[in-house]
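Structure (structure tokens):
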């Protein structure tokens, strides 16, 4: 079945996403939706665009819907907020059929269901490429009115990572090299964790909200720093430490033993340095944070995701395993 | 000067939009911005995309920034909320220079200044066409927790229009026909009100918020219906009346005398029926609403914009000046 009109598309969306939701006072269908407010509201916007952030050659419609929502939920969680809703600006080409749109909605719904999110509304338009602009929000505790932020680090603080580093970059690298449907299937078979990390990243938003509660309970709202790793540790760590302003850095230790086996296999096959590859890699949507040394044992117990210490904050430049890192990460406008 | 990187672009944006704002607990620069909590929050998302909603041939960068913000602020106002902020997902081609970006920011800032809006954040990406996906929000009175909505009309209610109808469509029609820069300038000179209506529509959000206060004060929160006219009266009136569900319609009277002189001149030149042209025309961002007859005299006094009665709600189909309208409005996916 072909999708003939906006009304058809909205009808299909309605089969996946209920209009009423506990976090909404008014759902879709009017000029605006209305959100209940239970505290300060953390808001973020991220675009997920064809041929910039994904390719239809190896992203299924499910993957596109899933990841467009996931990257935004990750930002909400990294502020310490509990995600509660999102809206989407969806650009389609007009060639998407019902199966495509259903797959897209199912992928987005998987994230909405996991985090009990309302889809409050959005807009549809037509262009030559598919693009999904999501705005997502979540509630912060009253005692944490600005959320968990970057720039909270002081000398001696622990730098911790919750989640993994490098897998999503490996998935991107391998999937980009696959030119045919068969090659894509082979890559998905041989690099399953890397492909899943790139196609369907799991936002660690429950951990973000746990850290927010922990900060409030331990009277440490200005002493715990947090962000999600969207552009890679090499680029995001200086942001977490506000290095340009503070002059803070760290000796990051990322030994091969803590890296995923698929990354080590890739390094062996290609000759790249595995830790450097993982350190530069973006789009893992892990959480990276800082906290006072004495809070670390208790804090690490509150996290559900695997976590580890990357290093301690000190004055000076960032090093990785004893050396200055080569790369400065990724910029869509200068590559 | 060419814009080389995301950081350059963000730096430029920062020259126009302060990070701190009275409606924000935390401004741009972290994973999320944080909004202050002041009541139920009305939220809307609208995409403003090149070659679908605007053409660079006749939209200046200022016009693009202005209208992308204006159409969203119009939705917020049409729900009865006082607009307080927005975020943008901005897709650029990479060829925009500093002058272009400054013009864009100035246009958006004109709307932000008029309504005291915070730009809470956003995202940047690159594609072959410029596109602006805006999510905007505003605060509703606690006594109006679902806003002013469609579907509030009952038989005998007054249908009113605040603002004008048809000018934006005339601007679109004339500007689309202009093929060269010189022709565009001629059109802007000969059809100034129509061009301004299409390029820089004025959202009537102060009137929307006034109507919300009026509804609360007159204990009429479920008896005043309101929406903005984005797709034209022909398409939007049945939505306001929820005609499909209620079977409600009206005999709309739109005499030539109330239409703008530019519309009458266009009708004379081309032979189209002026009221039908205005009735079908979209993107005027006027407000159309319904209220009980006895409230109309007082309600009309609260509106700053020129307003008039279009008709009274009754059972049955919609007519325009005694005849069934020919068109059913515009759909991006079926044209």
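Chains as they are written, first to last, in this note's numbering: chain C, 8 to 342; chain A, 8 to 342. Idealized CB from N, CA, C, for every residue including glycine.
- Between residue 234 of chain C and chain A, the shortest Cβ-Cβ separation is below 8 Å.
- A residue is called buried when at least 16 other Cβ atoms come within 10 angstroms of its Cβ; residue 196 of chain A does not meet this threshold and is exposed.
- The beta carbon of residue 175 of chain C lies closer than 8 Å to those of 201, 204, 205, 208, 288, 289, 290, 291 and 292 in the same chain, with the five residues before and after it left out.
- Within the DSSP bridge table, the entry for residue 196 of chain C names no partner.
- With fewer than 16 other CB atoms across the displayed protein chains lying within 10 angstroms of its CB, residue 251 of chain A is exposed.
- In the DSSP assignment, the residues bridged to residue 294 of chain C are C/169 and C/235.
- In this structure, the alpha-carbon of residue 97 of chain A lies about 15 Å from that of residue 63 of chain A.
- 127, 128, 129, 130, 131, 132, 133, 134, 135 and 136: these are the residues of the segment 122 to 136 of chain A whose beta carbon lies less than 9 Å from some beta carbon of chain C, given in chain order.
- Taking a contact to require three or more Cβ pairs closer than 8 Å, the segment 122 to 129 of chain A and the segment 152 to 161 of chain A do not qualify as touching.
- Taking C-beta separations shorter than 6 Å and ignoring five residues to either side along the sequence, the partners of residue 23 of chain A in its chain run 112 and 116, following chain order.
- DSSP, reduced to helix, strand and coil, places residue 15 of chain C within a helical segment of the structure shown.
- Interface residue (Cβ-Cβ distance to chain A less than 8 Å): residue 86 of chain C is classified as such.
- Neighbours of residue 53 of chain A across chain C, judged by C-beta separation under 8 Å: 96 and 130.
- Boundaries for residue 104 of chain C: no alpha helix (DSSP H) harbours it, and the DSSP string shows neither H nor E there.
- When Cβ pairs closer than 8 Å are counted between the two stretches, the segment 240 to 259 of chain C is seen to touch the segment 314 to 329 of chain C, the count reaching three or more.
- Secondary structure at residue 61 of chain C: strand, using DSSP grouped into helix, strand and coil.
- A Cβ-Cβ separation of about 7 Å places residue 39 of chain C in contact with residue 88 of chain A under the 8 Å criterion.
- In the three-state DSSP reduction, residue 156 of chain A falls in the strand class (E or B).
- Within chain C, the residues 49, 50 and 51 have their CB atoms less than 8 Å from the CB of residue 40 of chain A, given in chain order.
- Taking all protein chains in view, the Cβ of residue 246 of chain C is crowded by 16 or more other Cβ atoms within 10 Å, so the residue is classified as buried.
- Judged by their CB atoms, residue 241 of chain C and residue 286 of chain C are nearer to each other than the 8 Å cut-off.
- Contact annotation for residue 37 of chain C against chain A: 86, 154, 156, 157 and 234 [CB-CB distance below 8 Å, chain order].
- Not a single C-beta of chain A is nearer than 8 Å to the C-beta of residue 228 of chain C.
- Going by DSSP, residue 145 of chain C is part of the beta strand (DSSP E) stretching over 138 to 146.
- Burial check for residue 82 of chain C: the Cβ neighbour count within 10 Å reaches 16 or more, so the residue is buried.
- Looking at the DSSP output, residue 321 of chain C shares a beta bridge with C/256.
- A direct Cα-Cα distance of roughly 37 Å separates residue 84 of chain A from residue 189 of chain A.
- Scanning chain A for C-beta atoms nearer than 9 Å to the C-beta of residue 218 of chain C yields nothing, as the closest lies near 12 Å away.
- Within a 10 Å sphere around the beta-carbon of residue 138 of chain A sit 16 or more other beta-carbons, which makes this residue buried.
- Burial check for residue 12 of chain A: the Cβ neighbour count within 10 Å stays below 16, so the residue is exposed.
- Just measuring C-alpha positions, the residue of A/333, A/31, A/262 and A/313 sitting nearest residue 125 of chain A is A/31.
- A distance below 8 Å separates the beta carbons of residue 157 of chain A and residue 37 of chain C.
- Across the set A/69, A/79 and A/164, the C-alpha of A/164 shows the shortest separation from the C-alpha of residue 299 of chain A.
- Residue nearest to residue 267 of chain A within the set A/50, A/118, A/170 and A/294 is A/170 (criterion: CA-CA distance).
- In this structure residue 52 of chain A is buried. Its beta-carbon is surrounded by 16 or more other beta-carbon atoms within 10 angstroms.
- By DSSP's assignment, residue 51 of chain C forms a beta bridge with C/143.
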